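Below: one structure, written as structure tokens.
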Amino acid sequence: MEVSPNEPFQILYCNSVWKDKNGDPTFDHRMVVLRHSEQYFFGRDSRRKGDIDPALLSLEPIPITHIRAPFTADLTMAPDLTLDLEDVYIKEPGLVAYGHCSPAEQQAFFKPQLQEAQVYEQLRLKPHPNIGIYHGCVVKGGRIKGLCLRRYGRTLGQLLREETLGQDQKTAYMEDVKKGVVHLHALGFVHGDINPSNIMLDSRINQAVLIDFDSCRPVGKPMGRKAGTTDWSSVDCPEVAEMEHDYTALQLIQRLLEDS
1 MEVSPNEPFQ ILYCNSVWKD KNGDPTFDHR MVVLRHSEQY FFGRDSRRKG
51 DIDPALLSLE PIPITHIRAP FTADLTMAPD LTLDLEDVYI KEPGLVAYGH
101 CSPAEQQAFF KPQLQEAQVY EQLRLKPHPN IGIYHGCVVK GGRIKGLCLR
151 RYGRTLGQLL REETLGQDQK TAYMEDVKKG VVHLHALGFV HGDINPSNIM
201 LDSRINQAVL IDFDSCRPVG KPMGRKAGTT DWSSVDCPEV AEMEHDYTAL
251 QLIQRLLEDS
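Going by full-length UniProt numbering, the sequence shown runs without a break in its numbering and finishes at 260.
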């Protein structure tokens with residue numbers, strides 16, 4: 001591993017990993033993902049607590065070719081002017097699961113990013129007010145560094161923790177989410193990960209907006225590595241994209257709003 005000693009490591013993720021031993025969850029290690037300039041690494045820390053010291057870890061590099069999808073002619077490059085706007089969010093691949101993947105899965109780690117870009121391209125051609133806005137791909141070295149998206153204020157989950165909504169507003173937000181899902185389904189897509197963290201509130205129009213399409217797949221297609229969020233689908237880790245998964249999630253969102 002060759003890195004410049006003049007630049008510090010940035011810790012991107014640090015998650016505790018637990019394993020079942022004789023029926024009891026037991027701490028195994030902390031999985032750490034770090035960035036050093038334009039290089040990425042992952043490593044394991046056997047200590048449960050304490051500051052992360054990169055010098056004490058056996059770090060393994062994460063090849064850029066594993067985590068950034070190739071930029072192809074069917075995708076849109078985000079305009080340079082868009083990147084400087086305050087209401088823009090650049091979504092880069094989350095790497096916390098990389099160290100848990102098999103070598104074959106690591107080589108294909110970029111696939112959810114590519115699938116999300118392809119879904120957004122379809123939505124860009126047929127936009128909807130309850131679907132998050134996509135400006136294009138941020139490209140570096142011929143690969144997708146991130147997706148350039150509109151930045152929204154709060155998630156539905158955050159809003160419900162911070163405020164008490166009136167019944168009319170709850171009903172309006174629920175209708176917004178349903179309209180977004182109906183639009184997706186009409187295009188032949190299953191969102192696959194509807195939950196309170198993937199519903200944003202657009203303060204410009206006071207409407208709920210669906211985001212996060214890396215679990216979004218055409219109906220009947222394999223879900224792949226991204227397969228929704230536990231407890232927010234009819235099946236945990238579904239193998240195939242089915243509209244029923246979204247219908248179950250809508251019912252759970254409805255219940256959450258009613259109980260808040």
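Virtual Cβ for every residue (Gly too), placed ideally from N, Cα, C. Computed from a predicted structure; not experimentally measured.
Considering only the alpha carbon of each residue, which of 60, 117 and 196 lies closest to residue 158? As a first step, residue 158 is located in the sequence shown; it is residue number 158 there, counting from the start. Out of 60, 117 and 196, 196 has the C-alpha closest to the C-alpha of residue 158.
In this structure, what does DSSP give as the bridge partners for residue 29? Along the sequence shown, read from residue 1 onward, the residue named residue 29 stands at position 29. The partner list for residue 29 (beta bridge, DSSP) reads 17.
Going by DSSP, name the residue or residues bridged to residue 177. Within the sequence shown, numbered from 1, the residue matching residue 177 stands at position 177. For residue 177, which the question treats as bridged, DSSP gives no partner whatsoever.
In three-state terms, what does DSSP make of residue 243? Here residue 243 is taken as the residue at index 243 of the sequence shown, counted from 1. In this structure, residue 243 counts as helix in the three-state DSSP scheme.
Assign residue 21 to one of two classes, buried (16 or more other C-beta atoms within 10 Å of its C-beta) or exposed (fewer than that). The residue labelled residue 21 in the question sits at position 21 within the sequence shown. Exposed.
Is it buried or exposed for residue 100, if we count other Cβ within 10 angstroms and need 16 for buried? As a first step, residue 100 is located in the sequence shown; it is residue number 100 there, counting from the start. So residue 100 counts as exposed.
Boundaries of the alpha helix (DSSP H) in which residue 66 is found, first to last residue: The residue you call residue 66 lines up with position 66 of the sequence shown. Its alpha helix (DSSP H) spans residues 64-67.
According to DSSP, which residues form a beta bridge with residue 40? Counting from one through the sequence shown, the residue named residue 40 turns up at place 40. Partner residues in the beta bridge of residue 40, as assigned by DSSP, are 35 and 62.
With 16 other Cβ atoms within 10 Å as the buried cut-off, status of residue 145: Taking the first residue of the sequence shown as position 1, residue 145 is located at position 145. Its Cβ being crowded by 16 or more others within 10 Å, residue 145 is buried.
Starting from residue 189, follow its DSSP beta bridges and name the residues at the other end. Residue 189 sits at position 189 when you count from the first residue of the sequence shown. Beta-bridge pairing links residue 189 to 218.
Among the residues of its own chain, which have a CB less than 8 Å from the CB of residue 160, if the five just before and after it don't count? As a first step, residue 160 must be located in the sequence shown, where it is residue number 160. These residues qualify, in order along the chain: 196, 256, 257 and 260.
Pull up the distance between the alpha-carbon of residue 194 and that of residue 222, whole angstroms please. Within the sequence shown, residue 194 is the residue found at index 194, counting from 1. Within the sequence shown, residue 222 is the residue found at index 222, counting from 1. C-alpha separation (whole angstroms): 17 Å.
Using the DSSP secondary-structure output, state which residues sit across from residue 312 in a beta bridge. Outside the shown range of the chain, which is 1 to 260, sits residue 312, and nothing can be said about it.
Do residue 89 and residue 213 have their C-beta atoms within less than 8 Å of each other? Reading the sequence shown from its first residue, position 89 is the one you call residue 89. Reading the sequence shown from its first residue, position 213 is the one you call residue 213. Taking 8 Å as the cut-off, the Cβ atoms of residue 89 and residue 213 do not count as close.
Leaving out the 5 sequence neighbours to the left and right, which residues in its chain are closer than 8 Å to residue 73 when beta-carbon positions are compared? For the purposes of this step, residue 73 is taken as the residue at position 73 of the sequence shown. Closer than 8 Å at Cβ, skipping near neighbours: no residue.
Check whether residue 177 and residue 210 have beta carbons under 8 Å apart: Taking the sequence shown and counting its residues from 1, one reaches residue 177 at position 177. Taking the sequence shown and counting its residues from 1, one reaches residue 210 at position 210. Yes, these two residues count as a Cβ contact at 8 Å.
Once the 5 residues before and after residue 54 are set aside, which same chain residues still bring their CB inside 7 Å of it? Looking up residue 54 in the sequence shown gives position 54. The beta carbon of residue 54 sits closer than 7 Å to those of 9 and 34, all from its chain and outside the five residues before and after it, given in chain order.
In whole angstroms, what is the alpha-carbon distance linking residue 11 and residue 172? Here residue 11 is taken as the residue at index 11 of the sequence shown, counted from 1. Here residue 172 is taken as the residue at index 172 of the sequence shown, counted from 1. Using only the alpha carbons, I get a separation of about 40 Å.
From the DSSP secondary-structure annotation, give me the bridge partner or partners of residue 144. Numbered from 1 along the sequence shown, position 144 holds the residue referred to as residue 144. Secondary-structure assignment with DSSP links residue 144 through a beta bridge to 139.
Where does residue 54 fall in DSSP's three states? Position 54 of the sequence shown, counted from the first residue, corresponds to residue 54. In the three-state reduction of the DSSP assignment, residue 54 falls in the helix class.
Identity of the residue in 109, 219 and 87 nearest residue 97 by Cα: On the sequence shown, residue 97 is found 97 positions in, with the first residue counted as 1. Nearest of 109, 219 and 87 to residue 97, Cα basis: 109.
Spatial neighbours of residue 4 within its chain, please: C-beta separation below 6 Å, excluding the five flanking residues on both sides. Along the sequence shown, one-based indexing puts residue 4 at 4. For residue 4, the pLDDT reaches just 48, beneath the cut-off of 50, and the residue's location in the model is therefore unreliable, leaving the point undetermined.
Just mark residue 113 as buried or exposed, buried being the case when its beta carbon has 16 or more other beta carbons within 10 Å. Counting from 1 along the sequence shown, the entry for residue 113 is found at position 113. With 16 or more other Cβ atoms within 10 Å, it is buried.
Closest by CA to residue 139, which one among 181, 190, 163 and 68? Residue numbering aside, residue 139 sits at position 139 when the sequence shown is read from its first letter. When each option's Cα is compared against that of residue 139, the closest is 68.
So what does DSSP say about residue 87, is it helix, strand or coil? Position 87 of the sequence shown, counting from 1, holds the residue named residue 87. Residue state, collapsed to three classes: coil.
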